[in-house]
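Asks: Mapping the sequence shown onto the UniProt record's numbering, position 6 (from 1) lands on 6, and the numbers just tick up by one. Idealized CB from N, CA, C, for every residue including glycine. This one's a predicted model, so the numbers in the text were calculated from it and none came from an experiment. One structure coming up, written as structure tokens, with questions to follow.
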Amino acid sequence: MSATTGAATVEPVPAEPAAGPGSADAAAAPASARPVTPGTAPAEPAAAGRAPVGPAATAPASARPTSVEPAAGDPAAAGSGAAAPGTAPATADKAAATGGRAAADRSAGAGSGEPWFRTDGEATTVLPAVTRIATAGSAAAATSSPAVNRPVAAAASVDPATVRIRAAADRPTQVIPATAPASPPATQNRPSIPGSPSPARPAGAADAPTVVAAAAAAGPTPEPTGGTAGGPGTDSPPPASPNGQDGDGPNGPDGGDGSPTRRRRRRPLLVAAAVVGLLAVLYVLDLVLGSGTMPRGVSVAGQHVGGLSHEEAEAQLRATIEPRASQAVDVTAGDVRTRIDAAAAGLGVDWGATIERAGVQPLNPVTRITSFFTDRDFDVVSSADDRAIAAALEGLAPLVDKEPTEGTVRFDGLEPVPVMPEDGHRLDVAAAVPVVETQWARGGPIELPLAVLHPTTTADDVRQVVDSVARPAVSAPVTVTGEGAQGTLEPADIAKALTFRADGAATPRLVPELNPDVVSDALAPQLASTEKPGRDATLDVSGPTPVVVPSQDGRGIDYPATLKAMVPVLTTSAPRQVAAVYGDEPAKVTTEDIEKLGIAGEISTFTTGGFAADSGRNIKRAAEQIDGTIVKPGETFSLNKATNPRNAANGYVEAGIIEDGHPARGVGGGVSQVATTLYNAAYFAGMVDVAHKEHSFYIGRYPVAREATVFDDVIDLRFRNDGPTGVLIKTIWTPSSLTVKIFGTKRYEVTSTTGPRTNEVPPSPVTIPAGQPCSPSQGAPGFTASDTRTLRNIQTGEVRTEKRTVHYNPSPIVICGG
């Protein structure tokens, strides 16, 4: 069935059996989805905000954005602005919106192949035609469709079986492809009609996408007159946007130059430009305001000076820091805390350089911004002398330096105890000098840098020798075979004698050694019969003339050599045995040594007495220790060195002493009598007085201004032999007296002259609390006296004198327990 209107003939495609002319599907199709007679222009969509005019007011409710795909193989819709096959509904809608009105108008006028369009006030949707038009000459008038107010083919010319339009509420558009025509029609592009209103959207229309079913082609369709010819079977080119860019024309979604969308895009750029400009103005303003002042947030040596003028900053810093240049500077080095003299170290400040360095305004914008929240602290520029600081620091080295401790093994009984190595340190003077220069002005303690000193050994070395040497060494005794006798070194003796020496070149780095003194103490009694002791040469002064007793070499066990052979045996299992090594033992003092001394006879003697019994024991012990001492030419004798330590272990007992100016008791008391006796013997022998000190108050049994006292390592008696020959000290002790003789070659005739007592001061009473050591005394006055020694050289007759003036304090009247 066909309907002819003039030269145009509408040929419906054979209908599907389910859709007849009066079917519900056909009746439900909206007006915007109906075919249009070629040559009839569709109504212009209404502009946004305007009411539809004329036929557009009758647009069906379904005329809203709809995605449309042409029939399979039919490219005619390409120019209509419809979405390409496969495009998602949202994309198709947008494509329809951007092509909108222009595409629809260009597509109109090609007969039944022209697309449909509709608008809902936001975007234009173009629907492809679903009929084919066979032209038969010129276009003829067609019946006008009341739905869209434009000419359409007669209702009878549209086969419902060919075009099936179905609406579904709120579902994506679905395209049901049909059999493609052999030669798809081209779509005629027609310019849009400005001002044409868009069809209105009736109230109550269902907001559902339109489902378009493409009709099956029945044969070739001639290209409509006035269309864009591409030849039979050729696709029409897509329509061009008005400004050459898809979707970017005045009617596109991006709008024109003055559209809200473009203005919204430009707004962030304008805001950013305004912010940058404002920041630039603030930056320049901040630079101008800060010119000539200290930068914001700046401190010098902990003193905040930011914002002050350079002169104000210098005045404030001077008031705080300059006083510190005359004070001691606290320093710490490890666990040691001490001080250095700032003035002696030459510490000072170069104020001009300090202000210049700290007062430079930063140009970095980030630095200027962060200065509102942070501080920058500068050290002063010091004007100190590096050499003076280094000298001051070197004086601290003995207090600070600590040598590393090497690992070793000690014994608790027979159990080896590992002693792990420890690092040491020393004051790094070179690194400490700049630290002191920059930090002394802050006023707080300065932490001086230390250089770490590592030991040679490691903890692994210690653990290794514990298991490989120490434990096996004390596991069994060692038998030492001598010449005709044997000795046994027990495990306890081995534990006392075994030590370990650090050696970085050895493997392991702890080398075992045996102490020869400890081993000889254990073995000498057992092997004494195998040795022949030697004897040093001596001088017998018992007669009127000294006699030389000649020396004698001996033969005995060479313990260092024996122990060298014993060490490897310590790591072996029992039984363990080693042979003793023997060698000659030359005398330490030979006959020739004594003869060369030139000791011809006695040159001086002096005797004192009047001591108590307990003091007498200490006097006897000290006399034994110095008896037979030879002082060679140029040597200096020291009484403390010859007798210390004067304690109970060395044979001394408690006796009377002088403490804090009054009598008391202490171990070693009475040795001052040995000092006085020896001093007088050396005095008359012509020895050189190196050091001596008189008692604080006078003791009646001693010569006035010619006596001496000693006290541990604090007060000592020392004299020097300045002659060409040696001297021998001989002591003779009795329960009531002590005599000291000096033998040598006489050079001087010596005499002593005592001056008168002057400036006498009466004694004062002193009360000693009960329970404290006390010896009562009647006291004695203090006074001043002098002694003059006259020496006449025997060979030349030259005479010289030496005068010494002594002041004695009053001896207090001691009251015990008062």
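Rounded to the nearest angstrom, what separates LEU393 and ASP713 at their Cα positions?
Replies: Their backbone Cα atoms lie some 29 Å apart in a straight line.
Asks: Roughly how many angstroms lie between the CA atoms of VAL806 and ARG339, to the nearest whole one?
Replies: 39 Å
Asks: Quick check on LYS588: does DSSP put it in helix, strand or coil?
Replies: coil
Asks: Compute every distance between the C-beta of ARG357 and the non-hydrogen atoms of the ligand SAM, then say whether any falls below 6 Å.
Replies: This structure simply doesn't include the ligand SAM, nor any ligand for that matter.
Asks: Assign ILE321 to one of two classes, buried (16 or more other C-beta atoms within 10 Å of its C-beta) or exposed (fewer than that).
Replies: buried
Asks: When you compare only the Cα positions, how much space is there between VAL750 and GLU694?
Replies: 21 Å
Asks: My guess is that GLY726 and ILE630 are in contact by the Cβ rule of under 8 Å, so how many angstroms apart are they, rounded?
Replies: 6 Å
Asks: Spell out a yes or no on whether the segment 396-410 and the segment 447-462 are touching, meaning 3 or more CB-CB pairs, one atom from each, closer than 8 Å.
Replies: yes
Asks: Give the secondary structure of GLY782 by DSSP, where H, G and I count as helix, E and B as strand, and everything else as coil.
Replies: strand
Asks: For VAL541, collect the residues of the same chain with a Cβ closer than 6 Å to its Cβ; drop the 5 residues on either side in sequence, then sort them by chain order.
Replies: LYS730, PHE743
Asks: Quick one, which of HIS310, THR562, GLY346 has its alpha-carbon nearest ALA325's?
Replies: GLY346
Asks: By Cβ distance, which residues of its chain are closer than 6 Å to TRP440, with the 5 residues on each side in sequence left out?
Replies: VAL329, LEU347
Asks: For THR456, which residues of its own chain have a beta-carbon under 7 Å away from its beta-carbon, when the five flanking residues on both sides are left out?
Replies: GLU406, ALA502, GLY504, ARG509
Asks: What are the residues that DSSP puts in a beta bridge with ASN809?
Replies: PHE697
Asks: Please state the DSSP three-state secondary structure of ASP503.
Replies: coil
Asks: Can you grab the Cα-Cα spacing for the pair THR458 / ALA524, in whole Å?
Replies: 37 Å
Asks: Give the range of the beta strand (DSSP E) segment to which ASN759 is assigned.
Replies: 758-761 is the extent of the beta strand (DSSP E) around ASN759.
Asks: State the DSSP-derived secondary structure class of LEU453, mapped to helix, strand or coil.
Replies: strand
Asks: Since THR549 and ALA537 are thought to touch, with beta carbons under 8 Å apart, how far apart are those beta carbons, to the nearest angstrom?
Replies: Note that residue 549 corresponds to Val in the displayed sequence, not to Thr. About 6 Å; that satisfies the 8 Å criterion.
Asks: Alpha carbon to alpha carbon, what distance is there between ASN618 and PRO735?
Replies: 11 Å
Asks: Do GLY484 and ALA580 have their C-beta atoms within less than 7 Å of each other?
Replies: no
Asks: Please list, in chain order, all residues of the same chain as PHE684 whose beta carbon is under 6 Å from its beta carbon, the five residues on each side excluded.
Replies: SER604, VAL750
Asks: Run through DSSP, which three-state label would THR677 get?
Replies: Residue state, collapsed to three classes: helix.
Asks: Going by DSSP, what residues sit across from CYS816 in a beta bridge?
Replies: ILE768
Asks: Here's the rule I'm using: 16 or more other beta-carbon atoms within 10 Å means buried, otherwise exposed. How should VAL493 be labelled?
Replies: This sequence places Asp at residue 493; Val is not what is there. Around the C-beta of ASP493, 16 or more other C-beta atoms lie within 10 Å, and the residue is accordingly described as buried.
Asks: Using C-beta distances below 7 Å, list every residue in its chain close to MET566, excluding the 5 sequence neighbours before and after it, in chain order.
Replies: VAL478, LEU514, VAL578
Asks: Leaving out five residues on either side along the sequence, give the residues of the same chain with a beta carbon under 8 Å from the beta carbon of PRO810.
Replies: Within the same chain, PRO810 has close Cβ partners PHE697, VAL761, PRO762, PRO763, SER764, GLY779, ALA780, PRO781, GLY782.
Asks: Determine the DSSP secondary structure at ILE518, reduced to helix, strand or coil.
Replies: Contrary to the premise, residue 518 reads as Val rather than Ile in this sequence. For VAL518, the secondary structure class from DSSP, reduced to helix, strand or coil, is helix.
Asks: Apart from the five residues just before and just after GLY601, which ones in its own chain have a Cβ nearer than 7 Å to its Cβ?
Replies: Closer than 7 Å at the Cβ level, and outside the excluded window around GLY601, lie THR545, PRO546, PHE743.
Asks: Which value, in whole angstroms, describes the spacing of the CA atoms of SER638 and ARG718?
Replies: 5 Å
Asks: Beta carbon of VAL465, beta carbon of VAL409: below 7 Å?
Replies: yes
Asks: Just verifying my parser: in three-state terms, what is the DSSP assignment at PHE372?
Replies: In the three-state reduction of the DSSP assignment, PHE372 falls in the coil class.
Asks: Would you tell me roughly how many angstroms separate the C-alpha atoms of GLY444 and THR438, rounded to the nearest one?
Replies: Going by the C-alpha atoms only, they are around 12 Å apart.
Asks: Report the three-state DSSP secondary structure of ASN721 (helix, strand or coil).
Replies: Residue state, collapsed to three classes: coil.
Asks: Considering only the alpha carbon of each residue, which of GLN486, ALA384, GLY395, GLY413 lies closest to VAL436?
Replies: The candidate whose alpha carbon is nearest that of VAL436 is ALA384.
Asks: What does the alpha-carbon distance come out to for the pair GLU798 and SER752?
Replies: Taking the straight line joining both Cα atoms gives about 17 Å.
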